[in-house]
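Chemist:
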Amino acid sequence: MPPRAQVVVQPWNEGRLRVSSFTVKVGATKPFRTVHFSDTHINLSDIEEMYASDNNYKAGCVRYARFPQAIPSFYATLDFAEKEAETLLLHTGDLIDFGTRACYDFLRHNLMKVDLIYAIGNHEFERPDSSYDPDPEMRVRALAAAGLVGNLGCLSRVVNGVNFVAFDNARFGRGIIAPHVR
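If you're matching positions, the sequence shown starts at 0 in numbering that gives the first Met the number 0 and goes up one per residue.
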């Protein structure tokens, strides 16, 4: 039976972020702790990007209103993970809501000291006006420069004898897991 959920106070959702805690036996060489989070949707734009077009401005306002908790949630997750040494963070897509210099700068600044296994999501390929970028490789290069390293299409990393695999099947795989991915 999993232990009781821990509660972390936050400025949304009636002031509470519920964190479920449980133990999984997977044959690890030693016990370790992971914190999984997803769909953070950090949405930042600088003035130049925001006013580059009416579509950028409108989309930015709408998206900020949809995800006002994005940055407080991100920091709350990092704070929660830091409470215990050597905590591995797992993020499974849509860390950012769209690709802007401001989002990439935010990641670059905040991921310098974080051990993160990251699965790319469809929003990492969106432009500020909510359209998809015709050059997905440019977005992957921008994410790598922001600190998300490794093969973002399919990342595999062994931690204490446990193989964590993160892959994007929405953009790179076109919804299909390739036969060579194990």
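Even glycine gets a Cβ: it sits at the ideal position worked out from N, Cα and C.
Measuring CA to CA, which of Phe166, Asp45 and Asn159 is closest to glycine 26?
Modeler: Closest option to glycine 26, Cα to Cα, is Asn159.
Chemist: Do you know whose CA, among Leu106, Thr91, Pro133 and Thr22, lies nearest glutamine 143's CA?
Modeler: Per the sequence shown, residue 143 should be read as alanine rather than glutamine. Closest by alpha carbon: Leu106.
Chemist: Would you list the one or two residues that DSSP bridges to leucine 115?
Modeler: According to DSSP, which records beta bridges pairwise, leucine 115 is partnered with Leu88.
Chemist: So for arginine 126, helix, strand or coil by DSSP?
Modeler: Reduced to three states, the DSSP call for arginine 126 is coil.
Chemist: Between the beta-carbon of leucine 88 and the beta-carbon of leucine 115, is there less than 7 Å?
Modeler: Their beta carbons are under 7 Å apart, which means leucine 88 touches leucine 115 by this criterion.
Chemist: Can you give me the C-alpha to C-alpha distance between asparagine 54 and alanine 165, rounded to a whole angstrom?
Modeler: Roughly 32 Å between the two C-alpha positions.
Chemist: How big is the Cα-Cα spacing for glutamate 136 and glycine 146?
Modeler: Using only the alpha carbons, I get a separation of about 16 Å.
Chemist: Taking the Cβ atom as the reference point for each residue, do aspartate 38 and aspartate 96 lie within a distance shorter than 7 Å?
Modeler: Against a cut-off of 7 Å, the Cβ pair of aspartate 96 and aspartate 38 comes out as no contact.
Chemist: What did DSSP end up calling leucine 147 once you bin it into helix, strand or coil?
Modeler: Note: leucine 147 maps to coil in three-state DSSP.
Chemist: Among residues of its own chain, excluding the 5 on either side of threonine 28, which ones have a beta-carbon nearer than 6 Å to its beta-carbon?
Modeler: Excluding residues within five positions, the ones whose Cβ falls inside 6 Å are Asn159 and Gly160.
Chemist: For methionine 0, count neighbouring C-beta atoms within 10 Å of its own C-beta (all shown protein chains included) and say buried if the count is 16 or more, exposed if not.
Modeler: Note that methionine 0 scores a pLDDT of 41, beneath 50, so its modelled location is shaky and nothing firm can be said.
Chemist: My assumption, with CB atoms under 8 Å, is that threonine 99 sits in contact with proline 127. Please give the rounded CB distance.
Modeler: Right, their Cβ atoms sit about 5 Å apart.
Chemist: Express the C-alpha separation of tyrosine 63 and alanine 75 in angstroms, rounding to a whole number.
Modeler: When rounded, the distance between both Cα atoms is 18 Å.
Chemist: Since threonine 86 and threonine 33 are thought to touch, with beta carbons under 8 Å apart, how far apart are those beta carbons, to the nearest angstrom?
Modeler: The pair is a contact, with the Cβ atoms about 7 Å apart (cut-off 8 Å).
Chemist: In three-state DSSP terms, what is valine 25?
Modeler: Coil.
Chemist: Kindly indicate which three-state DSSP category phenylalanine 79 falls into: helix, strand or coil?
Modeler: Three-state result, phenylalanine 79: helix.
Chemist: In angstroms with no decimal places, state the Cα-to-Cα distance between arginine 19 and serine 52.
Modeler: A small fix is needed here, since residue 19 is serine in this sequence, not arginine. Rounded to the nearest angstrom, the two C-alpha atoms are 42 Å apart.
Chemist: If we call anything under 7 Å between Cβ atoms a contact, is phenylalanine 73 one with histidine 40?
Modeler: No, Cβ-Cβ distance for phenylalanine 73 and histidine 40 is not below 7 Å.
Chemist: Would you check if the distance between the CB atom of alanine 58 and the CB atom of serine 129 is smaller than 7 Å?
Modeler: Yes, they are a contact pair.
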